[in-house]
Each structure stands twice: as structure tokens, then as C-alpha cells.
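Asker:
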Amino acid sequence: MEGGATGKKVVVVGGGVAGAFLAKSMQFVADVTLIDPKEYFEIPWASLRSMVEPSFSERTLIKHTDYFTNGRVVTSPAINITEKEVLTAEGRSVLYDYLVIATGHVDSTPQSRKDRIAQYEQDNQKIKASNSVLIIGGGPTGVELAGEIAVDYPEKKITVVHKGSRLLEFIGQKASDKTMDWLTSRKVEVLLNQTINLDSVSESEKIYTTSTGENISADCHFICVGKPIGSSWLQESILKDCLNKKGSLMVDENLRVRGKKNIFAIGDITDVPEIKQGFLAQKHASVVVKNLKLLIKGAKESKLSKYKPASAMAIVSLGRKEGVAQLPFMTMIGCIPGIIKSKDLFVGKTRKQLGLDPGTA
Ligand SMILES: Cc1cc2nc3c(=O)[nH]c(=O)nc-3n(C[C@H](O)[C@H](O)[C@H](O)COP(=O)(O)OP(=O)(O)OC[C@H]3O[C@@H](n4cnc5c(N)ncnc54)[C@H](O)[C@@H]3O)c2cc1C
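The opening residue of the sequence shown carries number 1 in UniProt numbering; numbering runs sequentially from there.
Quick look at the structure:
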């Protein structure tokens, strides 16, 4: 039904993992508007594969209108909210009965899907044309990129510079150690406890000097230092007092922003004490979908669904066949995590969850 069955206005800000799943799930229940600066949803954990195989992005970049067919998409960043509306950079005011904030991490990727694919082509050309590659950052993005290049282009010299004392600090020490062994066995050089001044890097300079004075020679570089939480746009809004020191939105057990009856937050932007993961962002979305349906039906507050933070679990891919897994009681490296994640990077699965053909763009 056009505009949803109930006519209640649900506005979702942020079309990443959490927001896309929520908008899709609510589209036949309410009058849903999705606000996102991009015209597409990108499967984030598949993005590094597209840098070594640009055609992979045909399946991982999905226009919002492909899975969200019964709602409105506003392609513009939200810049503020009031008690009843969301304001966007292009000057719109979007009224809401219920608001869901899902702006995860700051994203500076192009607005159009076509331009994003072109960006992957350029990244790939850059890798192909270089004999040596510098990766700045040894978190999940830097490690996965190093793995992709090391496996697909084993002849390239790769250096990873990481400011922390170990790789992948978001998971356990054993996983870091195993990842370090895997990378060094593929001749990737890893420099820990060092930084590169990002203000001074340029592709024309082939020599990069680290904070300890070490010189690295590389034909190109990629910055993989992690992105800030996407909440700066809320700093002068009615939710400014609901942000903690890190910039996360503080939520209650029903995933409502603390003290707000009709405003929810889901995904990486929340202060839920757990590793920030897309599969958990999807779980947040499911809880909020249940709660929105209950509230729209007029159910009692006491009936609302509660979210329980998850224990630590993550898989970081290492090229196409291997990976490193942090499970609640152990870590594992090699083919088993590789079989689970690294071949298709959950792309078919995610597309299916969005109601799309898993195999084609
Ligand atoms: C390399 C890498 C590998 C990963 N691997 C996995 C994995 O294997 N499994 C897993 O579960 N998780 C994985 N993750 C984590 C996962 O990607 C995140 O937890 C997930 O993307 C969080 O989803 P989100 O919707 O909260 O935020 P995001 O995905 O960051 O989406 C935020 C959205 O909000 C939009 N936005 C931002 N600001 C505004 C604004 N002002 N107005 C409107 N829209 C705005 C953005 O454009 C974006 O669309 C990985 C992450 C990385 C970097």
C-alpha cells in the first residue's frame, strides 16, 4: 500500500546497514522516508574486494530504490532535527511521528552509484600501476586491504603503518598475533607504534616519513584509519545532551534515545557496549522494527522488546580464502573463517536479506 498501512510517519536517517534494513522492514507498515547523502546502500565489509576487483562492486552497491520500493528516499545529509521534523542540507523539512537515527560513521563516498564504481576502477588502476603500496592504519580496513592486495597481487611490496601496539585492536591479542604472522608470511611489512602525518601525504612524494623518523618508499598509499562517529550533525540539536563524550547516542534497553519516547538509534552510532558490527546493527534494526510496530498499534510501553548486548565475535578476511575469527572463547585463523566470510564476503546473503537476487547486480 502506498505510504504504508497505518499512515504513521517513520523517518530513518542514514541508509547504511542498520537504516537500510529498518526502512525495508517498515515500508509496508508506515509512511517511511529514508534520508541518506548517497543514492545507494553499500555493503561495507565487501568494499576492499572491489579495490582489487572493481566489477565486484556491481553486486555490493545497491540503489536504495531497489530494496525500498514503497517509501520515499531523500538524497541529502540530515543537518538538524526538532521535536517533529528532520532538516536536510538541501533545505527540506521532513515531518516524523517516529524517528530512527542510524548515521553510523562519517562517510565521504560519492553520491551516485556510478561515481562510486568509477572510484573503485581508479583505486584498482592505482594498485596495478604501483610496485609498492603503503597502507596507513592496521584496523579491520587496513588489514583487509593488505590481505586483498597480498593475495591478488603477490608481487607488490606492501607496508602497513599502524599507530597502535598491535593490529586489529578491536579484537583479542591472539587474533592480532595470528594476523601479524599471516601478513609477514606474505612479506607484508608491518610497522607498529608509528604514524604518518596525514596532512603531509601526497601521491607525488614517493617517500613517507613516520613519526619515529623511518622512511618508507611507496608508489601509492591508502588511508585506512577509521572514520569518526556520524553524530556531529546532532551537536546543536535537541539530542545534544544525549551524546556521550565519544559522540555516541545514549540509548535505553529498547534502543530509544535516552529520555525520548519516539526517537530510536541503531547501529554503530549507539553507545551499546559491544563491538560495532553490521550483523549487530541488523539485530538492532529488528528490535526497533518490533518496537515501532508495537507503538504504532498502541501497545503498552512494558511490551516493548529489549536489546541485549552481544559478546565479542568478528571475522576479518585475509584475501579470498582465509580469515581470522574472534569467537567468544577462542580465535581461529585460516580456511574455516575464510569459508564463512572471505569468498563472497556475505554479499549474496546480504542481498537476499534485502529481497534481491543474490547473484546479479
Ligand atoms: C573493513 C570492514 C570490515 C567489516 N566486516 C564486518 C563483517 O564481516 N561483519 C559485520 O557484521 N560487520 C563488519 N564491519 C562493521 C560494519 O560495517 C558496521 O558495523 C556497519 O556498517 C554499521 O552499520 P550502520 O548502519 O550503523 O552505519 P554505516 O554502515 O556507517 O552507515 C551509516 C549511514 O549513514 C549515512 N549518514 C551519515 N551521516 C548522515 C547524515 N548526516 N544524514 C543522513 N545520512 C547520514 C551514511 O551515508 C551511511 O549510509 C566491517 C567494517 C569494516 C570497516
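No residue lacks a Cβ here, since even glycine has one placed at the ideal position from N, Cα and C.
These numbers come from a predicted model, not from an experiment.
Short check: CB of V143 to CB of L191, under 7 angstroms?
Answerer: No, they are not a contact pair.
Asker: Could you check the C-alpha separation between E169 and E274 for me, to the nearest Å?
Answerer: 14 angstroms
Asker: From P309 to V287, what does the alpha carbon distance come to, in whole angstroms?
Answerer: A direct Cα-Cα distance of roughly 12 angstroms separates P309 from V287.
Asker: So does E90 have its beta carbon nearer than 6 angstroms to some heavy atom of ligand 1?
Answerer: E90 Cβ: outside cutoff for every heavy atom of ligand 1.
Asker: Would you identify the three-state DSSP class for Y67, choosing helix, strand or coil?
Answerer: Secondary structure at Y67: helix, using DSSP grouped into helix, strand and coil.
Asker: Start and end of the alpha helix (DSSP H) containing E85?
Answerer: Where E85 is concerned, there is no enclosing alpha helix (DSSP H), although the beta strand (DSSP E) it sits in stretches over E85 to T88.
Asker: Helix or strand or just coil, what does DSSP make of H162?
Answerer: Under the three-state reduction of DSSP, H162 is assigned to coil, being neither helix nor strand.
Asker: Please look up how many angstroms separate the CB atoms of A102 and A18, rounded, as I've assumed it's under 8 angstroms.
Answerer: 4 angstroms
Asker: Output the distance between the C-alpha atoms of R113 and K300, rounded to the nearest integer angstrom.
Answerer: 42 angstroms
Asker: Whole angstroms is fine: what's the gap from V251's alpha carbon to L239's?
Answerer: 11 angstroms
Asker: From Y208 to S108, what does the alpha carbon distance come to, in whole angstroms?
Answerer: Cα to Cα, the separation comes out at about 24 angstroms.
Asker: DSSP three-state label for Y307, please.
Answerer: coil
Asker: Would D268 pass as a contact of K276 if the rule is Cβ separation under 7 angstroms?
Answerer: Yes, the pair counts as a contact, with Cβ atoms nearer than the cut-off.
Asker: Pick out whichever of G359, G278 and E322 has its Cα sitting closest to the Cα of S342.
Answerer: E322
Asker: Any idea what DSSP makes of E322, helix, strand or coil?
Answerer: strand
Asker: Threshold first: 4 residues or longer. Then list the alpha helix (DSSP H) segments lying entirely within the stretch 240-310, N to C.
Answerer: 278-297
Asker: Could you give the DSSP three-state label for K227: helix, strand or coil?
Answerer: coil
Asker: Is the beta carbon of I263 sitting closer than 7 angstroms to the one on L99?
Answerer: yes
Asker: Can you look up V190 in the DSSP assignment and give me helix, strand or coil?
Answerer: strand
Asker: Is the separation between the beta-carbon of K24 and that of F68 shorter than 7 angstroms?
Answerer: yes
Asker: Beta-carbon separation of V133 and I117 under 7 angstroms?
Answerer: no
Asker: Is it buried or exposed for S165, if we count other Cβ within 10 angstroms and need 16 for buried?
Answerer: exposed
Asker: Taking Y120 as part of the alpha helix (DSSP H), name the residues at either end of that continuous run.
Answerer: R113 to A129
Asker: Please confirm whether any heavy atom of ligand 1 lies closer than 6 angstroms to the CB of residue 363.
Answerer: The requested residue 363 does not occur in the structure, where the chain is confined to residues 1 to 361.
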